[in-house]
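Novice:
Chains as they are written, first to last, in the working numbering: chain S, 1 to 304; chain V, 305 to 608.
1. Short check: CB of residue 537 (chain V) to CB of residue 317 (chain V), under 8 Å?
2. For the candidate residues V:456, V:454, V:518 and V:432, whose alpha-carbon lies nearest to that of residue 476 (chain V)?
3. Shorter than 8 Å from the beta carbon of residue 538 (chain V) to some beta carbon of chain S?
4. According to the Cβ coordinates, are residue 490 (chain V) and residue 262 (chain S) closer than 8 Å?
5. Look up residue 28 (chain S) in the DSSP assignment and say whether it is helix, strand or coil.
6. Below 8 Å, can you find three or more Cβ-Cβ pairs linking the region 182 to 200 of chain S to the region 223 to 242 of chain S?
7. Spell out the partners DSSP gives residue 510 (chain V) in its beta bridges.
8. Grab me the residues of residue 577 (chain V)'s own chain with a C-beta within less than 7 Å of its C-beta, minus the 5 sequence neighbours each way, in chain order.
9. Assuming contact is defined by CB atoms lying nearer than 8 Å, are residue 206 (chain S) and residue 524 (chain V) in contact in what I supplied?
10. To the nearest angstrom, how far is it from the Cα of residue 158 (chain S) to the Cα of residue 199 (chain S)?
11. Give the C-beta separation of residue 16 (chain S) and residue 80 (chain S) to the nearest angstrom, bearing in mind that I take them to be a contact with Cβ-Cβ under 8 Å.
12. Report the start-end ranges of each alpha helix (DSSP H) in the region 427 to 480 of chain V that is 4 residues or longer and not cut off at the edges.
13. At what residue ranges does the region 521 to 582 of chain V contain a whole run of the alpha helix (DSSP H), taking only runs of 4 or more?
14. How is the beta strand (DSSP E) around residue 402 (chain V) delimited, first residue to last?
15. Report the three-state DSSP secondary structure of residue 308 (chain V) (helix, strand or coil).
16. Applying the 10 Å Cβ sphere with the 16-neighbour rule, what's the burial state of residue 365 (chain V)?
17. On the CB-based measure, 16 or more other CB atoms within 10 Å of its CB, does residue 519 (chain V) come out buried or exposed?
18. Could you tell me which of V:551, V:352, V:541 and V:526 sits nearest to residue 515 (chain V), measuring between CA atoms?
19. Quick one: using the 10 Å Cβ neighbour count with 16 as the cut-off for buried, is residue 180 (chain S) buried or exposed?
20. Any idea if residue 374 (chain V) is buried or exposed, counting beta-carbon neighbours within 10 angstroms, 16 or more meaning buried?
21. When the cut-off is 8 Å and only beta carbons count, does residue 20 (chain S) lie next to chain V?
22. Can you pull the chain S residues whose beta carbon is under 7 Å from the beta carbon of residue 595 (chain V), in chain order?
23. Candidates S:98, S:88 and S:72: which alpha carbon is nearest residue 46 (chain S)'s?
24. Tell me whether residue 412 (chain V) is buried or exposed, calling it buried when 16 or more other Cβ atoms sit within 10 Å of its Cβ.
25. At a Cβ cut of 8 Å, what residues of the region 271 to 300 of chain S count as close to chain V, listed as they run along the chain?
26. I'd like the list of long-range same chain contacts for residue 123 (chain S), defined as Cβ closer than 7 Å, with 5 residues on each side in sequence excluded.
27. Can you name, in chain order, every residue of its own chain whose Cβ lies under 8 Å from the Cβ of residue 78 (chain S), other than the five neighbours on each side?
28. Name the one or two DSSP bridge partners that residue 384 (chain V) has.
29. Of all the options V:414, V:438, V:376 and V:312, which has the alpha carbon lying nearest to the alpha carbon of residue 391 (chain V)?
30. Which residues does DSSP pair with residue 316 (chain V) in a beta bridge?
31. If distances are taken between C-alpha atoms only, which option among V:541, V:508 and V:548 comes closest to residue 534 (chain V)?
32. Among residues of its own chain, excluding the 5 on either side of residue 188 (chain S), which ones have a beta-carbon nearer than 7 Å to its beta-carbon?
33. Against residue 363 (chain V), what residues of chain S qualify as contacts under a CB-to-CB distance less than 7 Å, listed in chain order?
34. What are the boundary residues of the alpha helix (DSSP H) that includes residue 74 (chain S)?
35. Which chain V residues are close to residue 121 (chain S), counting only those with a beta carbon under 7 Å from its beta carbon?
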């Protein structure tokens, strides 16, 4: 598999995307988790989101968390913002990178933010401009890129058009989000192919969920297509809000375990990430879905 | 992904490999599970193993189970046998196909059957001969093909040599077993490549575990290499005996869900297999690891 990227960049999204889909945890636990993650070798961490505290109580302490962590020089931290007001808060706090999100599915977008995809794209144009004015970068996450829990399949052309609008408005990177785990390898191949044809030079991040078990198969397909930038969540933190008990994000240690064994480096210390996953499990107080956390890496033999 | 096989053959191993790694369940529950599976469209079921009842109490009722099920004409049933005596029992019972197993890892083989790999291969030669004398087929499963929980990595040349010996002795098919989930896509590619080079015409089945999350990624790699014969276990029945709480076999409904969405047919009715997985979960009385069982297929939208 010598045609794979020699290295990939992993964004750890457990502290934000993960914890936002779990029961609220104390501020200090979040700070400690981020500090632990900052020591694993991971180079990017989605730390918080600047959302309305009454809408998303899990992230009500975003400012305190951001002020409380020990910022490692080796890590680039980012924050999700829902709108221009959140963007201003994040940029005022000194975030070097923000993420704006829009759903390719109009229904999903309306359920999330009570307006349609086009309106959100208009808002995001202003968010991007503000980020650039303040010397920060802005990634635009196109969610439900491989399907919507309400609408079902989302036409590829629509996903590409939404991404293209964001790029035209200055987005520094596009992230395709498999919000409810509806991607399978064939669909990954199709969307990436279409996107690369339309925007060969655009930066691309992929955010897979393991809700239907295909998370790492999707990563493998993307790797084979040269994609080198992936999200993952320590321990697989963050369930699926649409299916009680189902799995959300792919687990960072599972991603690292697979790709490193294929000769693709991540810069992440696998054992340190497994320890961070164990810490995340203690914080949450429930078993996380990570298989590598349970079984250990393949190199861990029985010495009985 | 037009270079994938247009269809694959799935062997459902839940009733044997799955249940053998769970707490014992009543005979009637096994019979009903097999009958349910026989109605899903799956064409092969590993139904029982003819092992010593005192050694493996989970399979002590193999004869009763085999006599009790309604044998569907569309399904080819098989049984695992540990030795010549078990083979005779299975063939006396009219099994059209038996499976003999040998570990590529000498240590693992000794832990399992108290003798080395070479001695087991000698025994298996006699098992194959007996099966053929009785008009049945014999598959040889080479376990720990991608690693051993005691020895760690197992040299590819050794795995190929063990498979080659079995083929020379008349094995009708080789199955490579990822006994403790140590396979990753690069290793799958290497082993299959070496095997195909050495034995281009041999029939090949692959048996993956999802112990470290790579089960479906490994299937994807094998599909890309043209492999069209896979084991899977309904609901993901069967834990990993070496890692408490860890996952064993890949789940049949997850396999079907992924490959069918890629245009690879299985003949299996996905919804029927999900119902069978729910039945398996009720029999076992614990949550099974299948993600598709939790979340449903990607086509299941919210109609709220």
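Virtual Cβ for every residue (Gly too), placed ideally from N, Cα, C.
Specialist: Judging by the given coordinates:
1. Yes, they are a contact pair.
2. It is V:432.
3. With 8 Å as the cut-off, residue 538 (chain V) does not count as an interface residue toward chain S.
4. Taking 8 Å as the Cβ cut-off, residue 490 (chain V) and residue 262 (chain S) qualify as a contacting pair.
5. Reduced to three states, the DSSP call for residue 28 (chain S) is helix.
6. Touching, yes.
7. Bridge partners of residue 510 (chain V): V:480 and V:534.
8. For residue 577 (chain V), the CB contacts under 7 Å within the same chain, skipping 5 residues up- and downstream, are 344, 538, 556, 557 and 560 in chain order.
9. For residue 206 (chain S) and residue 524 (chain V), no; Cβs fall outside 8 Å.
10. Each residue's Cα considered, the two are about 14 Å apart.
11. So it is a contact: roughly 6 Å between Cβ atoms.
12. Runs of the alpha helix (DSSP H) inside the region 427 to 480 of chain V: 460 to 472.
13. The region 521 to 582 of chain V contains these whole alpha helix (DSSP H) runs: 556 to 565.
14. Per DSSP, residue 402 (chain V) belongs to the beta strand (DSSP E) from 401 to 407.
15. In the structure shown, residue 308 (chain V) adopts coil according to DSSP, grouped into three states.
16. That one is buried.
17. Buried, by the Cβ-count rule.
18. Restricting attention to V:551, V:352, V:541 and V:526, the CA atom closest to the CA of residue 515 (chain V) is found in V:551.
19. Buried, since its Cβ has 16 or more Cβ neighbours within 10 Å.
20. The C-beta of residue 374 (chain V) has fewer than 16 other C-beta atoms within 10 Å across all chains shown, which makes the residue exposed.
21. It does not; no Cβ of chain V falls within 8 Å.
22. Using a Cβ-Cβ cut-off of 7 Å, residue 595 (chain V) is close to 210, 211, 212, 213, 246 and 247 of chain S, given in chain order.
23. Distances from the CA of residue 46 (chain S) to each of S:98, S:88 and S:72 were compared; the closest alpha carbon is that of S:98.
24. Flag for residue 412 (chain V) reads buried.
25. Residues 287, 290, 291, 292, 294, 295, 296, 297, 298 and 299.
26. Beyond the five residues adjoining it in sequence on each side, residue 123 (chain S) comes within less than 7 Å, by CB distance, of 83 and 84 in the same chain, given in chain order.
27. Cβ neighbours of residue 78 (chain S) beyond the five flanking positions: 11, 44, 45, 46, 47, 95, 96, 97, 98, 99 and 139.
28. V:353 and V:403.
29. That would be V:438, whose Cα lies nearest to the Cα of residue 391 (chain V).
30. Looking at the DSSP assignment, residue 316 (chain V) forms a beta bridge with V:349 and V:536.
31. For the residues V:541, V:508 and V:548, the minimum Cα distance to residue 534 (chain V) belongs to V:508.
32. Around residue 188 (chain S): 218, 221 and 222.
33. Chain-order list of chain S residues neighbouring residue 363 (chain V): empty, with the shortest C-beta distance near 24 Å, by a criterion of under 7 Å.
34. No residue range can be given for residue 74 (chain S), since it is assigned to no alpha helix (DSSP H) and is classified by DSSP as neither H nor E.
35. Residues of chain V passing the Cβ test: none, with the nearest at roughly 24 Å.
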